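In terms of the numbering used here, the sequence shown has 184 at position 183, counting the first letter as 1, and numbering is strictly consecutive.
By construction, the Cβ of each residue, glycine as well, lies at the ideal position given by its N, Cα and C atoms.
All of these numbers come straight from a predicted model, not from anything done at the bench.
Comments concern the structure below.
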Amino acid sequence: MKKTFAMLLAAVMMLGLLAGCGTEDKPAPDANGDQEVQEPAASELNVGVFYYNFSDPYITTVRTAMDAKLKEAGITPNNQDAQTNQATQLDQINTAIVNGADLLIVNIVETSSPDAAKQVVEAAKAADIPVIFFNREVSDEVINSYDKCAFVGTDAPEAGHMQGEMIGDFLLENYEATDLNGDGTISYVMFKGQEGNNEAEYRTQYAVEDANKKLTEAGKPELKFYDENNSSKYLVDTNGSWSAQAATDYMTTILAGYTEANGNMVELVIANNDGMAEGAIAALQQAGYNTGDEGVTSIPVYGVDAMDSALQKIEKGQMTGTVKQDGPAMAATIMALTNNVAEGADIMANTTSFNVKDGVNKIMVPYAKMS
2 MKKTFAMLLA AVMMLGLLAG CGTEDKPAPD ANGDQEVQEP AASELNVGVF
52 YYNFSDPYIT TVRTAMDAKL KEAGITPNNQ DAQTNQATQL DQINTAIVNG
102 ADLLIVNIVE TSSPDAAKQV VEAAKAADIP VIFFNREVSD EVINSYDKCA
152 FVGTDAPEAG HMQGEMIGDF LLENYEATDL NGDGTISYVM FKGQEGNNEA
202 EYRTQYAVED ANKKLTEAGK PELKFYDENN SSKYLVDTNG SWSAQAATDY
252 MTTILAGYTE ANGNMVELVI ANNDGMAEGA IAALQQAGYN TGDEGVTSIP
302 VYGVDAMDSA LQKIEKGQMT GTVKQDGPAM AATIMALTNN VAEGADIMAN
352 TTSFNVKDGV NKIMVPYAKM S
């Protein structure tokens with residue numbers, strides 16, 4: 002970041018008045034009359050961090066780790082909660098720009114179209130401010146539209162593939178025990194999360210497709226969605242979120258009509274995040290399932306994120322598996338790019354050890370199976 006000669010000259014004159022007629026050497030101006038100054042240390046950066054929703058459990062893990070990383074570098078994080086409102090987030094970002102932000106770190110609200118991300122990039126570009134998007138994927142076209150723009154996230158299909166593989170393997174080992182009504186087919190419910198979100202779309206698709214592939218290759222029938230009248234074959238959080246409460250409410254309603262006694266019990270729960278998985282478990286426990294106690298039936302439940310609470314439920318036998326989405330690793334990767342900004346380097350400098358997508362400034366943090 003450069004200051005004009007006029008601004009520097011004023012500063013030098015003030016220092017001269019304070020220090021008297023000292024002979025301290027000053028950097029020589031360049032051919033254009035401007036003086037080069039060092040990029041600010043990380044501790045001097047004005048960093049705005051914009052979250053789509055503080056209440057999202059996974060985002061909470063990223064925010065906690067991000068706060069720690071920024072504070073370690075001497076930066077006071079300027080965190081903003083959009084509460085799933087894109088207009089609110091855009092206002093927050095514009096205010097931060099007016100207030101002199103040096104870097105924008107953005108967990109974009111709207112992912113079903115690139116328009117919101119484009120607006121953020123255009124505003125950042127006009128102010129010559131770097132922007133790092135994270136978690137909720139932004140299109141390659143938007144990232145490539147500005148050389149000071151990057152994305153840190155995950156390969157959206159990977160979690161769905163891992164979840165589907167885990168489900169398929171589990172069912173092949175426990176098919177008869179899982180098939181509670183003995184009809185030879187596993188009935189499932191899918192909690193999608195948010196419509197139009199890349200992660201939700203791919204997890205919904207591949208968790209079922211990959212599980213079915215394993216089942217059919219072994220001579221078993223494909224999974225059957227519990228409600229034949231639901232052509233979508235998933236349930237979505239009507240608030241546009243991924244909340245545990247939405248899954249609890251759905252599952253409570255389902256269990257009022259789909260029971261072992263009726264011969265139509267839901268035999269598998271697939272959720273696109275751990276919050277919804279745990280919400281479903283809460284309803285199952287109210288109905289006498291998934292307590293982890295010996296002799297009590299547990300319906301297989303799968304999530305994504307590997308939250309501590311979900312891992313504890315897996316340990317207790319109340320949940321079957323999850324896919325780890327590493328919040329601290331995401332925060333550490335964002336911080337590596339933040340340090341590049343502080344040092345005046347290219348935003349993607351020193352990233353050869355990361356999983357960088359070809360042809361675009363995107364770093365993908367890997368998932369991992371947990372069961």
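Can you list, in chain order, the residues of its chain whose CB lies under 7 Å from that of Lys234, leaving out five sequence neighbours each side? In chain order, Met191, Phe226 place their CB closer than 7 Å to the CB of Lys234, counting only its own chain and leaving out the 5 sequence neighbours on each side.
Candidates Leu46, Met163, Asp103, Gly360: closest to Val209 by CA position: Met163
Tell me which residue opens and which closes the alpha helix (DSSP H) that Asp381 is part of. For the chain, the structure presents residues 2 to 372; residue 381 sits outside this window and is missing.
Limits of the unbroken alpha helix (DSSP H) element including Gly241: It is not in any alpha helix (DSSP H) - Gly241 carries neither H nor E in the DSSP assignment.
Find out if the Cβ-Cβ distance for the pair Gly293, Ala248 is shorter than 9 Å. no
With C-beta atoms as the reference, is Gly154 less than 9 Å away from Glu138? yes
Can you tell me which of the three DSSP states Met349 falls into? For Met349, the three-state secondary structure derived from DSSP is coil.
For Asn240, count neighbouring C-beta atoms within 10 Å of its own C-beta (all shown protein chains included) and say buried if the count is 16 or more, exposed if not. Answer is exposed; the Cβ neighbour count stays below 16.
Per-residue DSSP class, three states only, for Ile106: strand
Kindly indicate the opening and closing residues of the alpha helix (DSSP H) around Gly276. 275-287
Starting from the Cα of Thr260, find the closest Cα among Leu181, Met371, Gly101 and give me that residue. Answer by Cα proximity: Leu181.
Whose C-beta lies closer than 6 Å to the C-beta of Pro329 among residues of the same chain, with five residues either side of it excluded? Ala66
Take the Cβ of Thr96 as the centre, count every other Cβ of all protein chains shown within 10 Å, and call the residue buried at 16 or more, exposed below. exposed
Presumed contact (8 Å Cβ cut-off) between Ala160 and Val267, rounded CB distance: Contact flag wrong, Cβ pair sits at about 22 Å.
Less than 9 Å between the beta carbons of Ser372 and Phe171, yes or no? yes
Could you give the DSSP three-state label for Leu46: helix, strand or coil? coil
So what does DSSP say about Thr323, is it helix, strand or coil? strand
Assuming Gln326 contacts Tyr59 (C-beta within less than 8 Å), just tell me the rounded distance between them. 6 Å
What is the rounded straight-line gap between the Cα of Ala219 and the Cα of Gly183? 18 Å
Exposure of Asp306, with buried meaning 16 or more beta-carbon neighbours within 10 Å: buried
Does the region 47-54 come close enough to the region 68-82 that 3 or more CB-CB pairs lie under 8 Å? yes
Of all Cβ atoms in chain E, is any one closer than 9 Å to the Cβ of Gln326? Of the chains in the structure shown, none is chain E; there is only one protein chain.
State buried or exposed for Gln313, treating a residue as buried only when at least 16 other CB atoms are found within 10 Å of its CB. exposed
Using 8 Å as the cut-off, can you tell me whether the region 315-324 makes contact with the region 337-351, which would need three or more C-beta pairs spanning the two stretches below that distance? no
For Ser354 and Pro131, the rounded distance between their alpha carbons: 22 Å
Considering only residues of the same chain and omitting the five flanking positions on each side of Lys214, which have a CB-CB separation below 8 Å? Gly165, Gly169
Is it the case that the region 268-278 contacts the region 109-119, given that we only count it when at least three CB pairs across the two stretches are under 8 Å? no
Buried or exposed by the 16-neighbour rule on C-beta atoms within 10 Å, applied to Gln93: buried
Taking the beta carbon of Glu136 as the centre, do at least 16 other beta carbons fall within 10 Å, making it buried, or is it exposed? Inspection of the sequence shows that residue 136 is occupied by Asn rather than by Glu. Asn136 should be labelled buried.
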